[in-house]
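2 protein chains.
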Amino acid sequence: MLAGWVHRRRDHGGLIFVDLRDREGIVQIVFDPKRSGDAFHSAETLRHEDVVQIEGTVALRPPEMVNPNLATGEVEVYATRLTVLNRAKTPPFVIRDEINVGEELRLRYRYLDLRRPRMQRNLHIRHRTIKFIRDWLDARGFWEIETPILIKSTPEGARDFLVPSRLQPGKFYALPQSPQQLKQLLMVSGIDRYFQIARCFRDEDLRGDRQPEFTQLDLEMAFVEAEDVMALNEALMTELVQTVTPHKRIKQTPFPRLTYAEAMERYGSDKPDLRFGMELIDVAAVWAETDFRAFKGVIESGGRVKAIVAPGLATYSRKQISELEDLAKGWGAKGLAWVKVEEGGTLSGGVARFLENVRDAFLQTTGAQPGDLVLMVADTADVVHEVLGRLRLELGDRLGLRDKDELAFVWIVDFPLVEWNEDEGRWDAVHHPFTSPKPEDIPLLDTDPGKVRAQAYDLAGNGWELAGGSIRIHRRDVQAKMFQLLNIDEATAQERFGHMLEAFEYGAPPHGGIAWGIDRVVMVLADEPNIREVIAFPKTASGADLMTGAPSEVDPKQLEELHLKIVLPEREPASSAE
Amino acid sequence: MLAGWVHRRRDHGGLIFVDLRDREGIVQIVFDPKRSGDAFHSAETLRHEDVVQIEGTVALRPPEMVNPNLATGEVEVYATRLTVLNRAKTPPFVIRDEINVGEELRLRYRYLDLRRPRMQRNLHIRHRTIKFIRDWLDARGFWEIETPILIKSTPEGARDFLVPSRLQPGKFYALPQSPQQLKQLLMVSGIDRYFQIARCFRDEDLRGDRQPEFTQLDLEMAFVEAEDVMALNEALMTELVQTVTPHKRIKQTPFPRLTYAEAMERYGSDKPDLRFGMELIDVAAVWAETDFRAFKGVIESGGRVKAIVAPGLATYSRKQISELEDLAKGWGAKGLAWVKVEEGGTLSGGVARFLENVRDAFLQTTGAQPGDLVLMVADTADVVHEVLGRLRLELGDRLGLRDKDELAFVWIVDFPLVEWNEDEGRWDAVHHPFTSPKPEDIPLLDTDPGKVRAQAYDLAGNGWELAGGSIRIHRRDVQAKMFQLLNIDEATAQERFGHMLEAFEYGAPPHGGIAWGIDRVVMVLADEPNIREVIAFPKTASGADLMTGAPSEVDPKQLEELHLKIVLPEREPASSAE
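Structure (structure tokens):
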């Protein structure tokens, strides 16, 4: 007895063939007027996506009819009985992996989109990934503890989603951006090894791979140092990949480590894709010896000039190079300098003429070979790294250097603790205000905060930030100093974080942890280009659920009970904001 | 090397003894001036709850010093080194199981409260319960799929928590009361076997064991009937108890079943505690033969007269009986009639004189024995069942009939599909509008809706509703008829449930499921009297988190961005609402 959806029906040679589909795959059902009786006539009415139950006999297919592309391709089922459980209208798109419809339509009919084998595979990979993580951590003494979703609003980093309280008019809960504070309080509680697959929320303007709600593996340990947390997570990630996606190769174990500074210098990114080289090369010293005013001016005003070498791309036309230049400008560059290396090592095109006198030094510094295209940006360090970092990924894609069956993990360490916020005229925490400075850098907090390194570590993989964590401050005096540095005054610190400061006085153990972006990890394991493909019911860029129509207007009575009134912006009516 | 909290320090015979505590328990550390060196002097400064790291040598205790009450009671650790990792102020209450402080103080310092061994045990039972459920369902082909927390508001049942959308001014998300609709849509997606440990939210006025957010095991299966869902859940619950709390006895397997009507008749509750008898007995026929006007009046106007027999409680004084009467009145009874059975079977006290002529019939009907106290209520069925049902539990407690090591599960079936809402003048869904009627009762939808039985089942245990579920409607025509019955017009149904109605047209399989109240299940397994004891960070009756101060006032800028204005009620200032 089988039940499922009619994937396809073919009438052939007096027989009716139905591909019956369920979560596990497809099997062929045969209706034969001689053997199937009444079921044959019912089968004549079957259409795509009808829901049916079939009784029949499994038989080997004749050798010439075996379908090697199908897991069940060697058998077929001769139906003796057919029950139509539910009829289906013609769906707005066919249920198969290769469809050519807009994402809007897919999201509008997500329940049909999720019938596609690829989406079912993604949901299954997600289930297995999270299950594996839970089993692995449980076996190592971690307890999963649920922390509340309705918490206190303590603005830091992104914007909070707010939830009005009806029982306490005028007051609000916030949805957690992460369980950060609560997991630290669990360490103060002596829980020792905690984790949670936690839902987190950020009310940000949504970009490509952001969602208003996302899932974290949140993990915290007491009595540990950074090395302990990193070793544990490295082992977990390695075994996860080996178990859930055994066809993928991990490029290097133990995972290599880069300092934040080195990652930026060499790859222009704090989440570099290490599947390929094409590193950023400092060519300022070479340009300093030339007469090229534009670059020399940048160097003299403290800027940087860096290059990447695109192997073999000297074949690029002016038009192709111009496209790259447009990309670079879109990412913030003022221009993109380039030069081709010809056979014999001569330079041609672009800025070649300025390099005549320094050709050998240029070739030696860049390592460029005949046939290569060298691309350069001169600007502030931030712009140079941003633009060349992105260009590197773009060229890596074009050159097929980003093998999807390879996973290149890398730990990024020695992040700065704080960064100067020019707009607000104060220091901001690079991670969050609970991150511990390196003990040896604590004196610098008073003298040169920008030089203080955090006890923080990020795990990047294939160009994505997959996880990030730190050792936390567990001493009240250090935490108070940190708040001071971030220009959070005593009263504000008390109001927002009083419970944390107080908890630190009652015997807080040293502790640290990490959070994984589960959506991104699953996306990478499932070879998907964005996280919406690995989330059952994602939202659009405007935060809309196209299937149910959330968010929506609500009954005025509901707002009245919450003591709230809507004050719509005058120039921007609600309907245009969608 | 050990790390943990100083649980206790005793100086004795020139030695210092420290009980070091962590999540796993307590171990005794000995500081000996001869062997511990500098550590001895550091140890002199140790106070309760200081966080320390100790190096030392494990040794057997002298036989006379063995502490059989401690898992580590046969050993002690001679310290050679002591590092004070963090000092602690004197905590507001001592960290041990038996404390005599108000719950408010415990919640205010929850991070200290959670250090108590009992709370750590509760969190561990919770972790193991949920882990077991996940493993068990995973092994049976269930996929855990995360459904969104920011969903559409579709008011049904309890009040929704609302979340204002910033990107779509004037619109709101709701927090889910359960993933009901989404899990049904997953069935339409062909997921077949879904579950989720899901956070759910209800903005209700909080009572004893209610929390604004709570955790459900949410489960759904396609192509099943009620018996399949019940059998699976019965097996899961049985193995869960055997694994997590093997010292508990399950009273009866397979779990007995009662119809809703029978449960109400015999126990006055749809979640009866079957650990003991003391059933409700109909004594109307007996009273009809008497001259007692009050009871006869009730019977004539369609009311009920029922009794429970409290064994051995003929010893109760007038005062004690009067206390019971006060309880009954508090629960809604107009009075509580009683009579004692004396040696030889004579009746005395209370309403005994009215029963003189029908004594034998009375004794036979109630089964009361000499020494028993018979308690009776005459009123509408609702009041009689409510009052006697609660009185039964109260007397069960007093008589020690509710053994905490016994678990009596019972399935309640054949619930009515709808009940008449007198206030609103319409039918309400007893469970929710997606519950399927029994096929044989579908014709009654048009003629006698109150008689229609739902394909629903609740699992009760020890007097708690632990789980509830149903087979769902999967046909659009039946769903439309149901909305009609509930007085939800076409337009409203479209607006609220359009996505469900539409999904039902594209091949929805027959499906059904269940939801467990995880907090209650863990509470019962952990022998706790309320769910706050098994939730890491619960809220008070006014929805407050006393530790962090949520909900709280927020920055006016935050409200401005949400296009909201607070309109406080005039007579009830915000501060008094706490």
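Heads up: the sequence lines are chains V and F, in that order.
Anchor point for the first sequence: position 326 equals 326 in the numbering used here, and the numbering is continuous, going up by one each time.
Take any residue in the second sequence, note its place counting from 1, add 1000, and you have its number in the numbering used here.
Built from N, CA and C at the ideal position, the CB exists for glycine as well.
Since the model is a prediction, treat every value here as computed from it, not as a measurement.
Alpha carbon of V:Q196 to alpha carbon of F:L1559, nearest angstrom: 31 angstroms
As assigned by DSSP and simplified to three states, the class of F:Y1316: When DSSP states are grouped into helix, strand and coil, F:Y1316 belongs to the coil group.
F:G1268 beta carbon less than 8 angstroms from that of F:L1388: yes
Residue from V:L525, V:G277, V:G461, V:D360 whose Cα sits closest to the Cα of V:V244: V:L525
Neighbouring residues, chain F, relative to V:T147 (Cβ below 9 angstroms): Result: A1536, F1537.
Amino acids of chain F, ordered along the chain, whose beta-carbon sits closer than 7 angstroms to that of V:W5: G1190, G1507
Residues near F:E1561 in its chain [Cβ-Cβ closer than 7 angstroms; skip 5 each side]: The residues are R1166.
Length of the line joining the Cα atoms of V:G303 and V:R293: Note on geometry: alpha-carbon atoms of V:G303 and V:R293 lie some 13 angstroms from one another.
Residues bridged to V:D372 [DSSP beta-bridge criterion]: Looking at the DSSP assignment, V:D372 forms no beta bridge with any residue, so it has no partner.
is_contact[F:G1102, chain V] using C-beta, thresh 8 angstroms: no
Residues of the stretch 1131-1145 of chain F whose Cβ lies closer than 9 angstroms to any Cβ of chain V, in chain order: Answer in chain order: K1131, R1134, D1135, D1138, G1141, F1142, W1143, E1144, I1145.
Exposure label - V:L60; buried when at least 16 CB within 10 Å: Burial call: exposed.
Start-to-end residues for the beta strand (DSSP E) that takes in F:F1497: From DSSP, F:F1497 is part of no beta strand (DSSP E) but of the alpha helix (DSSP H) over 1490-1503.
Own chain partners of F:T1238 with C-beta closer than 7 angstroms, once the 5 adjacent residues on each side are dropped: I1250, T1253
Buried versus exposed call for V:K451 [16 or more other C-beta atoms within 10 Å across all chains shown]: exposed
Below-8 angstroms beta-carbon distance, V:F161 vs any chain F residue: yes
Pairwise C-alpha distance: V:L232 and V:D477: 29 angstroms
Interfacial residues, the stretch 556-571 of chain V to chain F, with Cβ spacing under 7 angstroms: Residues Q558, L562, H563, L564, K565, I566, V567, L568, P569.
Range covered by the beta strand (DSSP E) that runs through V:A536: Element bounds for V:A536: n/a, residue is neither H nor E.
Residue-chain proximity (F:P1169, chain V), Cβ-Cβ < 8 angstroms: yes
C-beta contact flag for V:V229 and V:I514 at 8 angstroms: yes
F:I1099 burial status per 10 Å Cβ neighbour count (16 or more: buried): exposed
Any chain F beta carbon closer than 8 angstroms to V:S165: yes
Chain-order list of residues whose beta-carbon lies under 7 angstroms from that of F:D1218 (same chain, five-residue window excluded): S1178, P1179, K1183, F1195, Q1196, A1198, A1515
Within 8 angstroms, strictly: CB atoms of F:F1201 and F:E1220: no
Beta-carbon gap between V:W411 and V:R257 smaller than 8 angstroms: yes
Partners in chain F for V:K438, counting only beta-carbon separations shorter than 9 angstroms: Result: empty, since nearest Cβ-Cβ is about 18 angstroms, beyond 9 angstroms.
Enclosing alpha helix (DSSP H) for V:F611 [first to last residue]: Look at the range of chain V in this structure, 1 to 578, and you will see that residue 611 of chain V is not part of it.
Short CB-CB distance (under 8 angstroms) between F:P1510 and chain V: yes
Chain A residues whose Cβ lies nearer than 7 angstroms to that of V:P551: Among the protein chains of the structure shown, namely V and F, there is no chain A.
Environment of F:R1193 [buried if 16+ CB atoms lie within 10 Å]: Buried, because 16 or more other Cβ atoms sit within 10 Å of the Cβ of F:R1193.
Cβ neighbour criterion (16 or more within 10 Å) applied to F:E1533: buried
Cα-Cα separation, F:V1018 to V:G512: The alpha-carbon atoms of F:V1018 and V:G512 are separated by roughly 26 angstroms.
Beta-carbon neighbours of F:S1317, restricted to chain V and to distances below 8 angstroms: Going along chain V, no residue has its Cβ under 8 angstroms from F:S1317, so there is no contact; the nearest lies around 42 angstroms.
Members of the stretch 43-60 of chain V that neighbour chain F once the beta carbon cut-off is set at 9 angstroms: Against chain F - using a Cβ distance shorter than 9 angstroms - the residues of the stretch 43-60 of chain V are H48, E49, D50, V51, Q53.
Three-state secondary structure assigned by DSSP to V:D11: Strand, per DSSP.
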